[in-house]
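This report concerns only the one structure given below.
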Amino acid sequence: MIDLKFLRENPEVVKQNIRNKFQDSKLPLVDEVIELDDSFRKFKLEGDTLRADRNKLSKQIGTLMAQGKKDEAEKVKAQVSANAQRLAELEKLEDEYAGKIKKIMMTIPNIIDPSVPIGKDDSENVEVQRFGEPKVPDFEIPYHTDIMESFNGIDLDSARRVAGNGFYYLMGDIARLHSAVISYARDFMINRGFTYCVPPFMIRSDVVTGVMSFAEMDAMMYKIEGEDLYLIGTSEHSMIGKFIDTITPEEELPKTLTSYSPCFRKEKGAHGIEERGVYRIHQFEKQEMIVVCKPEDSKMWFDKLWQNTVDLFRSMDIPVRTLECCSGDLADLKVKSVDVEAWSPRQKKYFEVGSCSNLGDAQARRLRIRVAGKDGKKYFAHTLNNTVVAPPRMLIAFLENNLNADGSVNIPEVLRPYMGGMTKIVKK
RNA sequence: GGAGAAAUCGCGUAGUUGGUCGAGCGCGCACGAUUGGAAAUCGUGUAACCGGUAACACGGUUCGAGAGUUCGAAUCUCUCUUUCUCCGCCA
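Counting the first sequence from 1 gives a position; my numbering is that position plus 598.
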């Protein structure tokens, strides 16, 4: 959500941004919202004047009643009711126009960063940098569920009977590895100065509508029957929600948090649960990082955030690359975003394991997350979020990259303390 | 889950037979005076959002949230949320 004043003063900038995102059907909305806003301000001005009159007259009535002049008071009352009808009309119009304006403003995309490459869709995303050598070993790498099964590490049959497609039982060393990755990632972020947080895994509907669009909500969120509660799709939801309607003193920024949570997603729509295994599932666990900072610091934090994920993966010997989201593939709320992708020696390509986003002040404006400057001025914060690691999916990359010809899997040194000193997972 | 009490300007509080209450007082904070400097003291100021203005002025809205009664609501009615106390139940 961008600032209405900015749109009013820079309609051409907003329009060019819409063209850059290949959403030309939204172009007429800019002029439409300017007209609606113009009318709204007229209605408000007239309404304010009438309300001012009413307030004045009501005070007179009070004074007259106190003096016992009932007849005169009745006369003034009649004056008030004369304007009551017009005022009621205006109040209805004010509500109506404010609603229309907000609805349109929610669909106008955020102004993208000048560094974002222009492109229509995900096929035009741009590789930024590779980290580590993408190796293809001379033996065949099995599908990830087959690797897991070779250690009796996954039971999808039981999961299907118990919960349906899109769920899993992780077992034994693989389950332990999963927990080890989460614990290691948590400590990794704590060591980089982030504050660890375990947030609520369910949130109210008003928080949900604050952090995502209706379409996203419908495609992702599970609702608890009979309660005003939804299972979170990512801890970003409860972590950003933490700051709704807050004014934080400037000197307390930045807020840098790393949170653990299970994540629940319907995965309804475009992809669905089609891939076999643990690539796309209804429930997974994730370590996340979020930052709330001053506007001038958000670019610096953006680069630090994705670098954290890259460093984490490199410390586990997994080659990764960063992929910059082009304008057309960038979600409307985002200023800039890069995906961190891990190397799959089986598929001989990189696949997404994390996503780092700078939301600018768009999310903050929607959720009223404000900062009090030293001079007393209030302004909207910038918000960012990034995946530290989401193990079920990252285990695919982990197992493929650390697999040996004999079927065993190496445990990188950093994970060993979390695996009871184990150096290798071997078949039993 | 049941019973009761409560939610006011950063904090603590006053205000409930509806009318100079957008709100008094204390603390905190800011500025000024006093002082060699400081403490203490005294004085002044101290919410957010929207409209309006070149900038002021000015106007509107908000006393947990929403709806209602009324010419007028912090005060009355309804719904919701949260907190505290007691009981029940449980990791």
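Just so you know, even glycine gets a beta-carbon here, dropped at the ideal spot from N, CA and C.
Looking at the structure shown, is residue i part of a helix, part of a strand, or coil, going by DSSP?
| i | result |
| --- | --- |
| Val986 | strand |
| Arg649 | helix |
| Ser833 | helix |
| Asn615 | helix |
| His880 | coil |
| Met810 | coil |
| Lys718 | coil |
| Pro860 | strand |
| Gln621 | coil |
| Tyr741 | coil |
| Phe729 | strand |
| Lys853 | strand |
| Leu1001 | strand |
| Arg918 | Note that residue 918 corresponds to Val in the displayed sequence, not to Arg. Residue state, collapsed to three classes: strand. |
| Asn708 | coil |
| Val779 | helix |
| Asn681 | helix |
| Val724 | strand |
| Ile600 | coil |
| Asn789 | helix |
| Ala929 | coil |
| Asp736 | coil |
Considering only residues of the same chain and omitting the five flanking positions on each side of residue i, which have a CB-CB separation below 8 Å?
| i | result |
| --- | --- |
| Val674 | Leu655, Gln658, Ile659, Leu662 |
| Pro1010 | Ser913, Met914, Asp915, Asn1000 |
| Gln727 | Arg919, Thr920 |
| Val628 | Leu605, Pro609, Val612, Lys613, Ile616, Ile706 |
Here's a check: name, in chain order, each residue in its chain whose Cβ is nearer than 7 Å to the Cβ of residue i, leaving out the five neighbours to either side.
| i | result |
| --- | --- |
| Asp744 | none |
| Pro707 | Asn615, Ile616, Lys619, Gln621, Asp930 |
| Ile739 | Pro943, Arg944, Glu998, Leu1001 |
| Pro989 | His776, Val779, Ile780, Glu883 |
| Glu950 | Asp937, Glu939 |
| Glu1036 | Only positions 599 to 1026 of the chain appear in this structure, which leaves residue 1036 out of reach. |
| Leu910 | Ala783, Phe786, Val986, Val987 |
Since residue i and residue j are thought to touch, with beta carbons under 8 Å apart, how far apart are those beta carbons, to the nearest angstrom?
| i | j | result |
| --- | --- | --- |
| His742 | Ile994 | 4 Å |
| Arg912 | Gly751 | About 24 Å separates the two Cβ atoms, so there is no contact after all. |
| Phe792 | Leu855 | 6 Å |
| Cys891 | Leu851 | 5 Å |
| Ser811 | Met837 | That pair is no contact at about 19 Å. |
| Asn956 | Val987 | At roughly 20 Å, the Cβ-Cβ gap does not stay under 8 Å, so Asn956 and Val987 are not in contact. |
| Ala1003 | Phe841 | 50 Å between Cβ atoms; not a contact. |
| Glu894 | Lys972 | Going by Cβ atoms, the distance from Glu894 to Lys972 rounds to 14 Å, so no, they are not a contact pair. |
| Leu634 | Lys698 | 5 Å |
| Met1017 | Arg774 | 6 Å |
State yes or no: is the C-beta of residue i within less than 8 Å of the C-beta of residue j?
| i | j | result |
| --- | --- | --- |
| Glu834 | Asn983 | yes |
| Leu685 | Arg649 | yes |
| Ser925 | Val714 | yes |
| Ala546 | Val908 | No answer is possible for residue 546: it lies beyond the span of the chain, which begins at 599 and ends at 1026. |
| Ile845 | Ala970 | yes |
| Gly824 | Arg863 | no |
| Gly952 | Thr985 | yes |
| Ala783 | Tyr767 | no |
| Arg968 | Gly808 | no |
| Met769 | Asp785 | no |
| Lys1022 | Ser1006 | yes |
| Met800 | Leu829 | yes |
| Arg991 | Tyr820 | no |
| Ala682 | Phe638 | no |
| Lys866 | Ala817 | yes |
| Phe996 | Gln881 | no |
| Asp901 | Gly717 | no |
| Cys861 | Trp904 | no |
Near residue i, which residues of its chain fall below 6 Å by C-beta distance, leaving aside the five closest residues on each side in sequence?
| i | result |
| --- | --- |
| Asp843 | Arg966 |
| Ile616 | Lys624, Leu625 |
| Cys923 | Asn723, Ser935 |
| Asp587 | Any answer about residue 587 is impossible in this case: the structure gives the chain only from 599 up to 1026. |
| Val889 | Pro852, Thr854, Trp899, Leu982 |
| Arg652 | Val678 |
When DSSP builds the beta bridges, which residues end up paired with residue i?
| i | result |
| --- | --- |
| Tyr948 | Trp941 |
| Ile845 | Arg968 |
| Leu957 | Per DSSP, none; premise fails for Leu957. |
| Thr1021 | For Thr1021, which the question treats as bridged, DSSP gives no partner whatsoever. |
| Tyr977 | Val969 |
| Tyr828 | Ile801, Lys821 |
| Lys934 | Asn956 |
| Ile888 | Leu855, Asn983 |
| Cys795 | Ser857 |
| Leu768 | Ile752 |
| Val1007 | Leu1001, Ile1023 |
Taking 7 Å as the cut-off, is the C-beta of residue i nearer than that to any heavy atom in the ligand GTP?
| i | result |
| --- | --- |
| Lys690 | Ligands are entirely absent from the displayed structure, and the ligand GTP is therefore not among its contents. |
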